[in-house]
Amino acid sequence: MMHQSAATNDSKEAAKRTPFVEIQSVTKCFDDFCAVDDVNLTIGKGELFSILGGSGSGKTTLLRMLAGFERPDKGSILIDGQDITELPPYERPVNMMFQSYALFPHMTVTQNIAYGLKRDGVAKDEIADRVQAMLKLVQLEDFGKRKPSQLSGGQCQRVALARALVKKPKVLLLDEPTGALDKKLREQTQFEIANIQYELGITFIVVTHDQEEAMNMSDRIAVMNKGSFQQVGTPHQVYENPQTKYVADFIGGINLVDGVVKEPAGEGAWLIELPDFDMSVPVACAEQLQAGQAVTAAIRPEKLFVSTSTSAEPGYLKMPGILYDQGYFGRLSLFKVRLPSGHIITATAQNRVRTAHRAIDWDENVHLSFDPKSMMVLTK
Amino acid sequence: MSAAPAEMAGTPRSGIGSIGDFLDRNWKRIVVGTALLWLTLFFLLPFLMVMKISLADPIIASPPYTPFFGAGGKLQATLDNFRYVLGDGLYAYTYLNSLKLATTSTILCLLIGYPMAYGIARAKGHKRVILLFFVVLPFWTSFLLRVYSWMGLLGNHGLINGLLMHFGLVDHPIKLLYTDFAVYLGITYSYLPFIILPLYASIERLGDTLNEAAADLGAGPVRTFIDITLPMTAPGILAGSLLVFIPAMGEYVIPTLLGGPDSLMIGRVLYDEFFFNRDWPAASAVAVILLLMLIAPIVWFQHLNGKSQEADQ
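Going line by line, the protein sequences match chains A and B.
Residue numbers are given in the working numbering: position 213 of the first sequence equals residue 216, and the series is strictly consecutive.
Residue numbers are given in the working numbering: position 142 of the second sequence equals residue 284, and the series is strictly consecutive.
Below, the structure written as structure tokens:
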């Protein structure tokens, strides 16, 4: 997400690099199934951090341990240097925005937001001021007297955010914060949440299965699968440099093709033979590879170009194919191309000009081209 | 035959079709109408008859009251029975006694039933089914039999006194049976399932998330219970309380079998008035006043329910 670049300052960036939330060797098992398996993670102060994973990945269990609803079997959790592993939820400097929002239906919006402050014994006048400030922040000034049942889904979402933020927690946990909203509102809300986070400087930990949500909002993302982290990095790193096949495929979809390392191709690059593509491609890889090693080559659909003509950008590799299937999404078109080897590869293209018909017909002969620099090698 | 499907569209609807259509269009009216008919036949009409008797004079005849319309169609209605029942301190005392007993039993049922319902609602999987089964299980034996069993347990030579004396805790049997204590015990015991089931339903529906949200915002377990669980389960508390309070108010069997001569309850007075004194008009007046007393909490409950449903919309 683009922050107001002028306001970016160095001290904030430095804070993000100092450990604030420390998850140390945390394990949580239910019966014989380990939802979270020896997880280590350090999150900086003021970071907007996302834990991204499918259902059953353990992300929700990890969040519930941060909130205090589950106790780890092993390991410890520290926030701002304080060990909170054994603290009950009501004594933690942490607040949570629930996926279902969990607004108290028998209380008004104002009472909902004030609830946490009342429990802390904050003075009445101060409660009124802080609740008012929160209502203003989430643009619900006129809705204070309503009950949750009289609000729309988007309004409930903002009340839940205000209720969790009003106590100025050290860490705010957000469980699928925009999951219940429709697509258009979701994108807008993601921007709003990121802006509020930037303004308040509170550390946000978001749990989500929606990769767009994670990419759009986060400073960093941890991709979680089967109870442990596959990769932790910036959205850009995770997308352009996935370290495992799971991450590559989970984030954005990718074409995976089997290959064999042929020989070094200079400057940390190797020549990879791809039988399905009927070609050898020089691919950069930070890992040390061995000749003859079986690897997986990967390339994103949007980095493959489909054309009916044989011409291509200079330096691009080309291969012929037949258009096997296609989908039209308005903004994008998706092409499935069958290579002579029988391998089917997916490419997407932006529909940059208005056309009356589909540019390419089913079963038409096409040419695929790509920049070899767009290809990567995965060994895990 | 072969041409039938083609003709169907053009021909008028068959008899069966129009009955189906009638059901389709009117099923709501039929469902509501059935309930209405039932209540009219078996509640409203009998009540009007009781009402009518309560306005008559007792006579020695069969039936033992003056007809509503006398000779020449003259209306014979009197409020004497109501004046008599309301004016006699014994009736007033009995009403108050019933009220006290029903209220106390309801509170006892709530205090015992709520934790039980809470425990069942929080139990996992088939443990919950088994616990619910145990709650309902007493209904499989006759109500009368269960009250008789209490007589066996509470009597001077009953199990409880026997055990107390056996262990030397008391020299003489304690008088348990034929006391108000026995009546409270009997009513609380008998009506407990009626309060557990609605409480269970409302606690189970509440789920964990709201409690977790309260804990997250800084509320300890007690605070969470007072602020969230209690108000959210209020409809269950009210419904369960009424299910105990209303029948307890008119309870006849338990005070008769377990209570002493001085545990006067309205159900017993009504019975005596009806069968021993054969004063049907007075008995009817007692019943009508009891009903009016019970209507007040029901109307109040409906009012609250209506309000909370309004708020939900």
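Even glycine gets a Cβ: it sits at the ideal position worked out from N, Cα and C.
Just to confirm before moving on: does the CB-CB distance between residue 214 of chain A and residue 255 of chain A stay below 8 angstroms? To locate residue 214 of chain A, count along the first sequence from 1; it is residue 211. To locate residue 255 of chain A, count along the first sequence from 1; it is residue 252. Taking 8 angstroms as the Cβ cut-off, residue 214 of chain A and residue 255 of chain A qualify as a contacting pair.
What residues in its chain sit with their C-beta under 8 angstroms from that of residue 312 of chain B, if we drop five residues either side in the sequence? As a working mapping, residue 312 of chain B is identified with position 170 in the second sequence. If we look at residue 312 of chain B and ignore the five residues flanking it on each side, its Cβ neighbours are 303 and 306.
Is any beta-carbon of chain A found at less than 8 angstroms from that of residue 346 of chain B? Within the second sequence, numbered from 1, the residue matching residue 346 of chain B stands at position 204. Not closer than 8 angstroms to any Cβ of chain A, the Cβ of residue 346 of chain B fails to qualify, so no.
Euclidean distance between Cα positions of residue 300 of chain A and residue 264 of chain A: To locate residue 300 of chain A, count along the first sequence from 1; it is residue 297. To locate residue 264 of chain A, count along the first sequence from 1; it is residue 261. Whole-angstrom Cα-Cα distance: 10 angstroms.
Chain-order list of residues whose beta-carbon lies under 6 angstroms from that of residue 385 of chain B (same chain, five-residue window excluded): Indexing the second sequence from 1 puts residue 385 of chain B at position 243. So the qualifying residues of the chain are 336.
So, is the C-beta of residue 341 of chain B closer than 8 angstroms to a C-beta in chain A? Position 199 of the second sequence, counting from 1, holds the residue named residue 341 of chain B. Contacts with chain A at 8 angstroms (Cβ-Cβ) do not include residue 341 of chain B.
Contact with chain B by residue 149 of chain A, beta-carbon distance below 8 angstroms: On the first sequence, residue 149 of chain A is found 146 positions in, with the first residue counted as 1. Judged by the 8 angstroms Cβ criterion, residue 149 of chain A is not in contact with chain B.
At a Cβ threshold of 8 angstroms, is residue 361 of chain B touching chain A? The residue you call residue 361 of chain B lines up with position 219 of the second sequence. Yes, contact with chain A.
Using the Cα positions of residue 153 of chain A and residue 81 of chain A, report the straight-line distance between them to the nearest angstrom. Position 150 of the first sequence, counted from the start, is the residue given in the question as residue 153 of chain A. Position 78 of the first sequence, counted from the start, is the residue given in the question as residue 81 of chain A. Near 39 angstroms, if we compare the C-alpha coordinates of residue 81 of chain A and residue 153 of chain A.
Given 8 angstroms as the limit, is there contact between the segment 123 to 140 of chain A and the segment 161 to 173 of chain A, that is, 3 or more CB pairs closer than that? yes
Can you give me, in chain order, the residues of the segment 109 to 130 of chain A that have a beta carbon less than 7 angstroms from any beta carbon in chain B? For the segment 109 to 130 of chain A, the set of residues with a beta-carbon nearer than 7 angstroms to any beta-carbon of chain B comprises 109, 118, 119, 122 and 123, in chain order.
Pull up the DSSP beta-bridge partners for residue 297 of chain A, would you. In the first sequence, the residue the question calls residue 297 of chain A occupies position 294. When beta bridges are read from the DSSP output, residue 297 of chain A appears opposite A:263.
Exposure label - residue 234 of chain A; buried when at least 16 CB within 10 Å: The residue you call residue 234 of chain A lines up with position 231 of the first sequence. Buried.
Would you identify the three-state DSSP class for residue 379 of chain A, choosing helix, strand or coil? Numbered from 1 along the first sequence, position 376 holds the residue referred to as residue 379 of chain A. Here residue 379 of chain A sits in strand by DSSP.
Residue environment, residue 289 of chain B, which counts as buried when at least 16 other CB atoms sit within 10 Å: Sequence index remark: in the second sequence, residue 289 of chain B carries index 147 (1-based). Residue 289 of chain B is buried by the Cβ-count criterion.
I'd like to confirm the pairing. Which residues does DSSP put opposite residue 331 of chain A in its beta bridges? For the purposes of this step, residue 331 of chain A is taken as the residue at position 328 of the first sequence. Partner(s): A:336.
What distance in whole Å lies between the Cβ atoms of residue 88 of chain A and residue 75 of chain A, which are believed to be in contact at a cut-off of 8 angstroms? Within the first sequence, the letter at position 72 stands for residue 75 of chain A. Within the first sequence, the letter at position 85 stands for residue 88 of chain A. The C-beta distance from residue 75 of chain A to residue 88 of chain A rounds to 6 angstroms, short enough to fall under 8 angstroms.
Step through the CB atoms of chain B and report whether any lies within less than 8 angstroms of the CB of residue 207 of chain A. Along the first sequence, read from residue 1 onward, the residue named residue 207 of chain A stands at position 204. So no, residue 207 of chain A is outside the interface.
Measuring alpha carbon to alpha carbon, tell me which residue in A:309, A:313 and A:320 is nearest residue 327 of chain A. Within the first sequence, the letter at position 324 stands for residue 327 of chain A. Among A:309, A:313 and A:320, the Cα nearest to that of residue 327 of chain A belongs to A:309.
Please report the distance separating the alpha-carbon of residue 106 of chain A from that of residue 316 of chain A. Within the first sequence, the letter at position 103 stands for residue 106 of chain A. Within the first sequence, the letter at position 313 stands for residue 316 of chain A. Taking the straight line from one Cα to the other gives about 56 angstroms.
Looking at residue 97 of chain A: is its Cβ nearer than 8 angstroms to the Cβ of residue 173 of chain A? Reading the first sequence from its first residue, position 94 is the one you call residue 97 of chain A. Reading the first sequence from its first residue, position 170 is the one you call residue 173 of chain A. Their beta carbons are under 8 angstroms apart, which means residue 97 of chain A touches residue 173 of chain A by this criterion.
Contact between the segment 233 to 253 of chain B and the segment 389 to 406 of chain B is defined here as three or more beta-carbon pairs at a separation below 8 angstroms; is this criterion met? These segments touch.
Any chain B beta carbon closer than 8 angstroms to residue 136 of chain A: As a working mapping, residue 136 of chain A is identified with position 133 in the first sequence. Chain B, which has no Cβ nearer than 8 angstroms to the Cβ of residue 136 of chain A, makes this no.
Given that residue 351 of chain B touches chain A, what residues does it touch there, using C-beta distances under 7 angstroms? On the second sequence, position 209 is the one that residue 351 of chain B refers to. Here the neighbours are 101, 103 and 105.
Simplified DSSP assignment, three categories, for residue 183 of chain B: The residue given as residue 183 of chain B occupies position 41 in the second sequence. Three-state result, residue 183 of chain B: helix.
Using a C-beta to C-beta distance shorter than 8 angstroms, which residues of chain E count as neighbours of residue 396 of chain B? Here the protein chains are A and B, and chain E is not one of them.
Since residue 3 of chain A and residue 236 of chain A should fall inside the 8 angstroms C-beta cutoff, what is the C-beta to C-beta distance between them, to a whole number of angstroms? Here chain A has residues from 4 to 383 only, and residue 3 of chain A is not among them.
Distance, residue 395 of chain B Cα to residue 205 of chain B Cα: Position 63 of the second sequence, counting from 1, holds the residue named residue 205 of chain B. Position 253 of the second sequence, counting from 1, holds the residue named residue 395 of chain B. Their Cα atoms are separated by approximately 26 angstroms.
Go ahead and label residue 329 of chain B buried or exposed: buried means 16 or more other beta carbons lie within 10 angstroms of its beta carbon, across all protein chains shown. As a working note, residue 329 of chain B is residue 187 in the second sequence. Buried, by the Cβ-count rule.
Residues of chain B with CB under 8 angstroms from residue 98 of chain A, in chain order? Counted from its first residue, the first sequence places residue 98 of chain A at position 95. Chain B residues near residue 98 of chain A: 358 and 359.
On the three-state DSSP scale, how would you describe residue 21 of chain A? Reading the first sequence from its first residue, position 18 is the one you call residue 21 of chain A. Coil, per DSSP.
Residues in its own chain within less than 8 angstroms of residue 149 of chain B by CB, not counting five upstream and five downstream? Numbered from its first residue, the second sequence carries residue 149 of chain B at position 7. Its pLDDT being 45, under 50, residue 149 of chain B is placed unreliably by the model, and the measurement read from it follows with that caveat. Excluding five sequence positions before and after residue 149 of chain B, none of the CB atoms of its chain fall closer than 8 angstroms to its own CB.
If I'm right that residue 192 of chain B touches residue 426 of chain B with Cβ under 8 angstroms, what's the distance once you round it to whole angstroms? Position 50 of the second sequence, counted from the start, is the residue given in the question as residue 192 of chain B. Position 284 of the second sequence, counted from the start, is the residue given in the question as residue 426 of chain B. At roughly 5 angstroms, the Cβ-Cβ gap stays under 8 angstroms, so residue 192 of chain B and residue 426 of chain B are in contact.
Does the count of Cβ pairs from the segment 351 to 360 of chain B and the segment 270 to 284 of chain B closer than 8 angstroms reach three? no
I'd like to know if residue 36 of chain A contacts chain B, where contact means its C-beta is closer than 8 angstroms to some C-beta of that chain. For the purposes of this step, residue 36 of chain A is taken as the residue at position 33 of the first sequence. Chain B, which has no Cβ nearer than 8 angstroms to the Cβ of residue 36 of chain A, makes this no.
In chain A, which residues lie with their C-beta within 8 angstroms of the C-beta of residue 234 of chain B? Residue 234 of chain B sits at position 92 when you count from the first residue of the second sequence. Correct list: empty, because the minimum Cβ distance to chain A is about 39 angstroms.
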